[in-house]
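To keep things clear, I will list the structure first and then write my remarks on it.
Residue numbers (the UniProt record's numbering): 1 to 113.
Here is the structure:
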């Protein structure tokens with residue numbers, strides 16, 4: 001099962017609250033080595049985003065993120081896991097689980113509603 005793992009920053013986190021978090025390079029090496037992490041990368045901040053909507057056949061663009069959120073997306077990973085339990089275990093070892101927020105979203109499986 002594939003999962004999109006959104007890696008988010010928590011702007012309300014107190015400095016030093018994530019002390020003892022694992023190193024991200026170690027997490028990447030481990031999950032890549034096991035074939036769990038299929039791809040991933042950091043993303044530019046929401047201030048660099050462009051939101052695209054079509055209304056009445058007109059393309060509407062706006063700068064910055066459309067959705068209001070306090071958790072800011074900092075990056076993503078695509079995971080291949082046996083099930084949600086494994087995805088949770090993998091996500092819990094990511095440093096941002098200690099100092100931010102990790103959101104897991106399963107991919108749609110073809111033919112599944």
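Note that the Cβ used here is the ideal one computed from N, Cα and C, for glycine as well.
For residue i, the first and last residue of its enclosing alpha helix (DSSP H)
i          : result
residue 88 : 84 to 92
Euclidean distance between Cα positions of residue i and residue j
i           : j           : result
residue 110 : residue 38  : 19 Å
residue 115 : residue 95  : No answer is possible for residue 115: the residues shown for the chain start at 1 and end at 113.
residue 4   : residue 75  : 11 Å
residue 101 : residue 9   : 6 Å
residue 22  : residue 16  : 14 Å
residue 99  : residue 107 : 25 Å
residue 104 : residue 59  : 30 Å
Secondary structure, beta strand (DSSP E): runs of 3+ residues fully inside the UniProt domain "YCII-related" (1 to 106):
2 to 9, 37 to 42, 50 to 55, 58 to 63, 72 to 80 and 100 to 106
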